[in-house]
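Right, one structure below, let's go through it.
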Amino acid sequence: MSRPVLSLNLPTHLKTLLVQNGYLAAADFDEGRGAEDLLQFLSEAEVQAVADLARKQPVAVSAWALGQNTRRQRRFLTQLCGLDSLLGGKGIALGGGSVSEVVGQPGSGQTELCLRLCVAVQLPESLGGAGMRAVYVDTTGSFYHAGAERAARGLREQLVAASKNDLPLQLPEPGVLLDGIGVFRVYEAHELVALLESFDDVCRELSNVGLLVINTVSWPFLASFPENLSRRQTLQAEVARTLSQIAAKHQIAA
Numbered sequence: 010m011s012r013p014v015l016s017l018n019l020p021t022h023l024k025t026l027l028v029q030n031g032y033l034a035a036a037d038f039d040e041g042r043g044a045e046d047l048l049q050f051l052s053e054a055e056v057q058a059v060a061d062l063a064r065k066q067p068v069a070v071s072a073w074a075l076g077q078n079t080r081r082q083r084r085f086l087t088q089l090c091g092l093d094s095l096l097g098g099k100g101i102a103l104g105g106g107s108v109s110e111v112v113g114q115p116g117s118g119q120t121e122l123c124l125r126l127c128v129a130v131q132l133p134e135s136l137g138g139a140g141m142r143a144v145y146v147d148t149t150g151s152f153y154h155a156g157a158e159r160a161a162r163g164l165r166e167q168l169v170a171a172s173k174n175d176l177p178l179q180l181p182e183p184g185v186l187l188d189g190i191g192v193f194r195v196y197e198a199h200e201l202v203a204l205l206e207s208f209d210d211v212c213r214e215l216s217n218v219g220l221l222v223i224n225t226v227s228w229p230f231l232a233s234f235p236e237n238l239s240r241r242q243t244l245q246a247e248v249a250r251t252l253s254q255i256a257a258k259h260q261i262a263a
């Protein structure tokens, strides 16, 4: 079994160079194409890193262990009854490497859902939240303060109306919820890739991050490479893998 180049734990720019030069799988490094070929577009240190990773074999994990990890995952409710029901009544999982994709026609409510999740993840665990912050990556200019504030106030009012006890005392104020959303505006594909590759720094700066939202992933690649479908697909696949790695490493939802 030969590992795809995009699955290797290498910086995005190295994997892009390898794919562009015809190296699609680890087996390609052993098919008469020696280090001399790689040195035409990589440094000696980069060639060594590629060779070391290509020789590593995947490690099997038992189905029992995977099931145990799934059961131990923290979750948070979206507070949208229909959606939470579709998710088995347990909400969205934090960690595990899974990535959720929301698709729909323009104006169908994707942005509102993203904002809702950024608010819901901050609720205390006693109310179905995770008590954690959110990172919102805006690639289209879709983030707007009024919409985020409406999401925060709407969720608070919904929970207050459904409660007959001292629930309001446990709820963060809308201003606190808005302060718990870190917003990054990116315009081009390389900016999005750079942000994801430096997500360790983002987590250190913001701390207690539980959710990463990108609205939308596809737009910066379409804007940067409007006539190059192959490159868009390659880079978007790499971003999807990077998101999975981020979700697993930092135990967050993405």
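For the sequence shown, position 138 matches number 147 in our numbering, and the numbering has no gaps at all. By construction, the Cβ of each residue, glycine as well, lies at the ideal position given by its N, Cα and C atoms.
Note down, in chain order, each residue of its chain lying with its Cβ closer than 7 Å to the Cβ of M10, except the 5 sequence neighbours on either side. Reading the sequence shown from its first residue, position 1 is the one you call residue 10. Unreliable positioning characterises M10 in this predicted model, as indicated by a pLDDT of 49, which lies under 50. A coordinate reading is not provided.
Residue range of the unbroken alpha helix (DSSP H) whose run includes G150: One-based indexing of the sequence shown puts residue 150 at position 141. Note, G150: premise wrong, no alpha helix (DSSP H); not H, not E.
Which residue or residues does DSSP assign as beta-bridge partners of R191? Here the question's residue 191 lines up with position 182 in the sequence shown. Checking the displayed sequence, the identity of residue 191 turns out to be Gly instead of Arg. Beta-bridge analysis with DSSP links G191 to V144.
Assign A102 to one of three DSSP states: helix, strand, or coil. The residue you call residue 102 lines up with position 93 of the sequence shown. In this structure, DSSP gives A102 an extended state, which the three-state scheme calls strand.
Give me whichever residues DSSP pairs with A34 in a beta bridge. Within the sequence shown, the letter at position 25 stands for residue 34. P13.
Mapping DSSP to helix, strand and coil, what is I255? The residue labelled residue 255 in the question sits at position 246 within the sequence shown. In the structure shown, I255 sits in a helix (DSSP, three-state: H, G or I).
Whole-angstrom distance between A143 and V222, CA atom to CA atom: Residue numbering aside, residue 222 sits at position 213 when the sequence shown is read from its first letter. Residue numbering aside, residue 143 sits at position 134 when the sequence shown is read from its first letter. Their backbone Cα atoms lie some 8 Å apart in a straight line.
Is it the case that the Cβ atoms of P183 and E158 are separated by a distance below 8 Å? Here residue 183 is taken as the residue at index 174 of the sequence shown, counted from 1. Here residue 158 is taken as the residue at index 149 of the sequence shown, counted from 1. Less than 8 Å divides the Cβ of P183 from the Cβ of E158.
Where DSSP assigns a beta bridge to I223, which residues make up the other side? Translated into the one-based positions of the sequence shown, residue 223 becomes position 214. Note: I223 sits in a beta bridge opposite V146.
How many angstroms separate the CA atom of L187 from the CA atom of R240? Residue numbering aside, residue 187 sits at position 178 when the sequence shown is read from its first letter. Residue numbering aside, residue 240 sits at position 231 when the sequence shown is read from its first letter. Computed Cα separation, rounded: 36 Å.
Distance between Q242 and T225 (C-alpha atoms, nearest Å): In the sequence shown, counting from the first residue as 1, residue 225 sits at position 216. In the sequence shown, counting from the first residue as 1, residue 242 sits at position 233. In this structure, the CA atom of T225 is about 15 Å from the CA atom of Q242.
Within 10 Å of its beta-carbon, does A54 have 16 or more other beta-carbons around it, so buried, or fewer, so exposed? Position 45 of the sequence shown, counted from the first residue, corresponds to residue 54. Per the 10 Å Cβ criterion, exposed.
Take the Cβ of Q88 as the centre, count every other Cβ of all protein chains shown within 10 Å, and call the residue buried at 16 or more, exposed below. On the sequence shown, position 79 is the one that residue 88 refers to. So Q88 counts as buried.
Helix, strand or coil at R162 [DSSP, three-state]: Here residue 162 corresponds to residue number 153 of the sequence shown, with the count starting at 1. Three-state DSSP puts R162 in a helix.
Report the partner residues of V218 according to the DSSP bridge assignment. Position 209 of the sequence shown, counting from 1, holds the residue named residue 218. BP columns for V218 point to R142.
Could you pull out every residue in the same chain whose Cβ sits closer than 6 Å to the Cβ of G140, ignoring the five residues on either side in sequence? Taking the sequence shown and counting its residues from 1, one reaches residue 140 at position 131. Same-chain partners within the cutoff: P133, E134.
Helix, strand or coil at A262 [DSSP, three-state]: Looking up residue 262 in the sequence shown gives position 253. In the structure shown, A262 sits in a strand (DSSP, three-state: E or B).
Supposed contact pair V248 and V202 - C-beta distance, whole angstroms, cut 8 Å: Numbered from its first residue, the sequence shown carries residue 202 at position 193. Numbered from its first residue, the sequence shown carries residue 248 at position 239. The pair is a contact, with the Cβ atoms about 7 Å apart (cut-off 8 Å).
Just to confirm, is the Cβ distance from V195 to T251 under 8 Å? Sequence index remark: in the sequence shown, residue 195 carries index 186 (1-based). Sequence index remark: in the sequence shown, residue 251 carries index 242 (1-based). Taking C-beta atoms as the reference points, V195 and T251 fail to come closer than 8 Å.
Looking only at its chain, what residues have a beta carbon closer than 8 Å to the beta carbon of W228, apart from the 5 residues adjacent to it on each side? Here residue 228 is taken as the residue at index 219 of the sequence shown, counted from 1. If we look at W228 and ignore the five residues flanking it on each side, its Cβ neighbours are T148, T149.
With L122 as the anchor, note down where its alpha helix (DSSP H) starts and where it stops. Stepping through the sequence shown from its first residue, residue 122 is reached at position 113. Looking at the DSSP string, the run of the alpha helix (DSSP H) that includes L122 is 119-129.
I'd like to confirm the pairing. Which residues does DSSP put opposite R265 in its beta bridges? Not covered by the structure: residue 265. The range shown for the chain is 10 to 263.
Between the Cα of G106 and the Cα atoms of I190, D46, G189, R83, which residue gives the shortest distance? For the purposes of this step, residue 106 is identified with residue 97 of the sequence shown, where counting begins at 1. The residue with the shortest Cα to Cα distance from G106 is R83.
For A157, which three-state DSSP category applies? Residue mapping note: residue 157 aligns to position 148 of the sequence shown, counting from 1. A157: helix per DSSP, three-state reduction.
Check: C212 C-beta below 7 Å from any heavy atom of the ligand GDP: Because no ligand of any kind appears in the structure shown, any question about the ligand GDP cannot be addressed here.
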